[in-house]
Structures are given as structure tokens and as C-alpha cells.
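Chains as they are written, first to last, in the working numbering: chain A, 1 to 222; chain B, 1001 to 1222.
Beneath this line is the structure, given in C-alpha cells, with notes to follow.
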DNA sequence: TTCATGCCTGACACGATGTCAGATAGTATA
DNA sequence: TATACTATCTGACATCGTGTCAGGCATGAA
């Protein structure tokens, strides 16, 4: 069972100039990536994971406290990648509808590429408190960012006045679990319909249905 | 540790005229209800569960294959209760916005009452294939129902034309995971803001923002 | 009271986890 | 190159939760 095209790699150059510990750690992470890409988290035991590394099972504990801490590492690796693609709407200037479309397009793309990993993280979060907290914090960052943006646009009269937080939380969950549903396990759905559905819901809710159509010309101004 | 007001009860009359096996089965279920009400599913071992029943651990396996099958039973018990409160919009006639508000109000109410149980079910679903499938089927019933209703209203020109399925799936996930977020673990949030947020998103997306305000007079006609 | 049914129990084997003392490989020094 | 030191790695162990089994015992019928 050889790895043709790893979905994630710790070290692009297999083992260029790494000390032994770094190499082992990378081997564990790569084995985890491969595993999660192909199988659900519940089947990933420390034993089955380390069997793919050529290193003994107990060596695992030199690098991670347990499976869940490994998943926490994985979450940290994905966290910024995901948050970054949402930046246009979060922090951008210009036509907010276009920015929102751009952010959601990015989210759908990265969700598609990393779906199985996100899925593994949420599965793991159900069985351990620490990781559950980390996942909630991750979502919370989006909640906060969405609140800020919505409030700013409300102040400009672009979004109707309403109690922001619950709506922001709901929309964040919409994104997270729509992506997990569509891309969390292979075979994955096509990204386009998902992206369009998210855009429709977000835009209708915040800016009004008249902007929700794909071809509605936004008031471009950048 | 006595049970003051059980969140769910199998037999209202403690043990009126039940044979021994039925009584034991009910005791297990009640113990599970109490446990889940107070602690996360991950801490519910067969041992800790049966300790609360006065029956030996191994007796558990006479009634359930494992913890997950027990949770599947719990899901079956909740399934109809939840699906029923959504009926107004799913199958009702009259002002669709008012019906939708009614359904979402019901969902928020039952979500509030059963939140910890739903949470336990999704947590358990992450660790076992069978239950995962059952949960997906449960959500799928809502997806199908929402699709049907949306298509009907589209045919009447009440909802703009768009690719229905992805939007229905997204909105269903919005509901499920908003309720889980708000009510899945105690202390639970207040239901009203959650309900209003759900209503705003659903109504804006499907029927347009002009109906999204709480006090907008719907075209009542019943 | 006696008998038969089948629920219940304690003990067992298994699998996964996390730890530990000792073996060993890698690295710095002479 | 040889030596010694450091820290990784290993196999074995104790623990915990699971699911099964043969035998004991409560329950209800005759």
C-alpha cells in the first residue's frame, strides 16, 4: 500500500536534513494524514497508526500524549489556512456581497481539500474534552469575526438591525457542518452546489435576496 | 444521589405491572437518561451505567449489543417527537411564513428539552458506523421534507427558483447544529434568541427579508 | 411445593492504552 | 578512528473497558 500523492505532507523533501526526532515526528504526522484520508478517525488506534511508520508503538508517546493531542496538532495546522480564506469578507473593503462570495468560495475550496481532516477532528472532539474545547474555540473565532463584520455593516445600513450574535453563530454552524456533510468523507460531493447554497443563505440573510442570484451585478467599487 | 425530576422516563408508574425483564430494561434506559442528562456520552461506560441500576454489568448485554445500540434506541424515541413539531411547515396549509415560524418555534422548544440527548447521540455517532448512519438518515428525513415543501412553494412562485437540495441540506444542518450548540450541554442558552435567529435565516433565504421581522404582519389566511 | 424457563452473575479472554527500565543509535569529543 | 555521553526507541507490563460464557438462582406455572 504505497502513498501516491499524500493529501498533506509535513516535509516536502522526505528527509533532507532532519534530526532523528524531527523525522520520527514527521513520520507520525504523515501516517496520520494518510490514515485519516482513507479511514475514519474511530479506526485510528495508536497501534495501527505506528504500524505505518516502521517505529514502535510506544515511540508515539514521546511526541504526543495521545491520539487526541495529535488531532489537536492537526487542527492547529489547518486553523490558519481556513481562517485566511475567509479574510476577504472578514476584513476586506469594497462591495460586501462580492467579498462574501469570495470568502465562501474560498471556504468551499479549502473545505473540499481538507474535508476528511476536519471530519476526523470533529469526530475526535466528541471523545475528548480538550479537543472539544479547541474545536469550539476555532468556531468561536469565526463567530466573533462574523459578529464584528455584521455589526459594522449594520452601522452602515447595509444589513438590517437584529440581534447579531445568534445569527452569526447559526451561520457559522451552517458553514462548518455543511462542509463537513459534503466533504467530510469520501467520495465527496461537488463543491459548486454547496458553495452556491451557502452564498444564497448568507447573502439572503444579511444583504437581501436581490443580491443572492449568481449573476446579479454587485455594485462593484474597489 | 436521588433522581428528583427525571428528564425522560420509560415507565411513568415506577414498576406497576412489569415482568422482570421489562423492568430491568426500563431501569437501564432510565439510568442512561439520568447519566446523559448530567454527563457527556464519552464517560458513559457500561459499568458506570449499570452501577446506577443495581443490576450487574453483564446483564446489560441481554438488552443491548453495546452502548451505541442503546443510543440508537434513544434516537428512535426522540425521532418522531422532533419530526412531529416540524409538521406545520412540512405539511400545513396557509401562510407559509407563519407555518415556518411555528415549526421553528417547536424545534427550538424540543431542542431545548432534549438537547443533551441529541448531543449524546451525535457524540456516539462519531464512534460507530451504525449509529452514524441512523443519525444521517434522521437528518435526511428533514432534507427530503424540506425539499418537497420548498419545491411546492417554488411552483407557486412564493420562493425564488434555485437548486433546492443543497439549500435544504444546508438549512437542515443549520437547525441541527445550532440547537446542539445552544442546548447540547448544560447550562443551556435561552431558547428565544436561537429560535429568532433560525427564523430570520430560514425566512430570509426562502421567502425574502421583508417577512423576517418578528412583527411583520403575515398575510394570514386560514 | 415442585419444576422448568430464562434472567442474572462472576469469571474469563481480548484489545487498546499509557508507562517504564533497559537497550541502542546518534553525536560530540579526544 | 575510537570513546563516551545523550536521548530516542523498544519490549514488557499493569490497567481499563468490552463482550462472552457456563452455571446459579429467581420467577411463575402446575
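Every residue, glycine too, gets a C-beta built ideally from N, C-alpha and C.
Computed from a prediction, not measured in an experiment: that's the story for all the values here.
Residues near residue i by beta carbon distance below 7 angstroms, same chain, minus five either side
i              : result
residue 1013/B : Residue placement at residue 1013/B is flagged as unreliable, the pLDDT there being 47, under the threshold of 50; the coordinate-derived value follows with that caveat. The answer is none, since no qualifying residue turns up.
residue 2/A    : Here the model assigns residue 2/A a pLDDT of 34, short of 50, so the residue's position is not dependable, and the following value carries that caveat. So no residue of the chain qualifies.
residue 1038/B : none
residue 176/A  : 139
residue 1057/B : 1046, 1047 and 1050
residue 1080/B : none
residue 172/A  : 139, 142, 143 and 146
residue 1191/B : 1108, 1109 and 1112
residue 1025/B : 1063
residue 1019/B : none
Nonlocal neighbours in the same chain, by C-beta distance under 8 angstroms from residue i, ignoring five residues either side
i              : result
residue 127/A  : 68
residue 1140/B : none
residue 150/A  : 159, 164, 167, 168 and 206
residue 1075/B : 1121, 1131, 1134, 1135 and 1138
residue 1054/B : 1027
residue 197/A  : 178
residue 60/A   : 28, 46, 49 and 50
residue 1085/B : 1103, 1106, 1107, 1109 and 1110
residue 223/A  : Outside the shown range of chain A, which is 1 to 222, sits residue 223/A, and nothing can be said about it.
Per-residue contacts from residue i into chain A (C-beta, under 7 angstroms)
i              : result
residue 1177/B : 173 and 177
Contact under 9 angstroms by Cβ, residue i with residue j
i              : j              : result
residue 178/A  : residue 167/A  : no
residue 170/A  : residue 1174/B : yes
residue 213/A  : residue 1160/B : yes
residue 1202/B : residue 1100/B : yes
residue 52/A   : residue 34/A   : yes
residue 116/A  : residue 185/A  : yes
residue 162/A  : residue 83/A   : no
residue 1031/B : residue 1071/B : no
residue 109/A  : residue 180/A  : no
residue 209/A  : residue 1208/B : yes
residue 96/A   : residue 153/A  : yes
residue 1105/B : residue 1199/B : yes
residue 1204/B : residue 103/A  : no
Beta-carbon neighbours of residue i, restricted to chain A and to distances below 8 angstroms
i              : result
residue 1127/B : 42, 123, 126 and 127
Beta-carbon contacts of residue i that lie in its chain and below 6 angstroms, excluding the five residues immediately before and after
i              : result
residue 224/A  : An answer regarding residue 224/A cannot be provided, because it is not within the stretch 1 to 222 covered by chain A.
residue 189/A  : 182
residue 114/A  : 78
residue 1005/B : Note that residue 1005/B scores a pLDDT of 37, beneath 50, so its modelled location is shaky; the value from the coordinates is reported in the next line. For residue 1005/B, where only same-chain residues beyond five positions count, there are no Cβ hits under 6 angstroms.
residue 1145/B : 1090
residue 1044/B : 1035
Contact list for the region 1197-1211 of chain B against chain A, Cβ threshold 7 angstroms
1197, 1198, 1200, 1201, 1204, 1205, 1208 and 1209
If contact means a Cβ-Cβ distance below 9 angstroms, which residues of the region 1042-1055 of chain B contact chain A?
1042
Residues in the region 1146-1173 of chain B having any Cβ partner in chain A nearer than 8 angstroms
1160, 1162, 1163, 1165, 1166, 1167, 1169, 1170, 1171 and 1173
May I have a chain-ordered list of the alpha helix (DSSP H) segments no shorter than 4 residues that lie completely inside the region 59-107 of chain A?
67-85 and 87-91
Near-chain A residues of the region 1182-1193 of chain B (beta-carbon distance less than 7 angstroms), N- to C-terminal order
1193
To test your reading of the DSSP string, which unbroken alpha helix (DSSP H) runs of 4 or more residues are found completely within the region 18-56 of chain A?
20-38 and 46-50
What are the complete beta strand (DSSP E) segments, minimum 3 residues, inside the region 127-177 of chain A?
none
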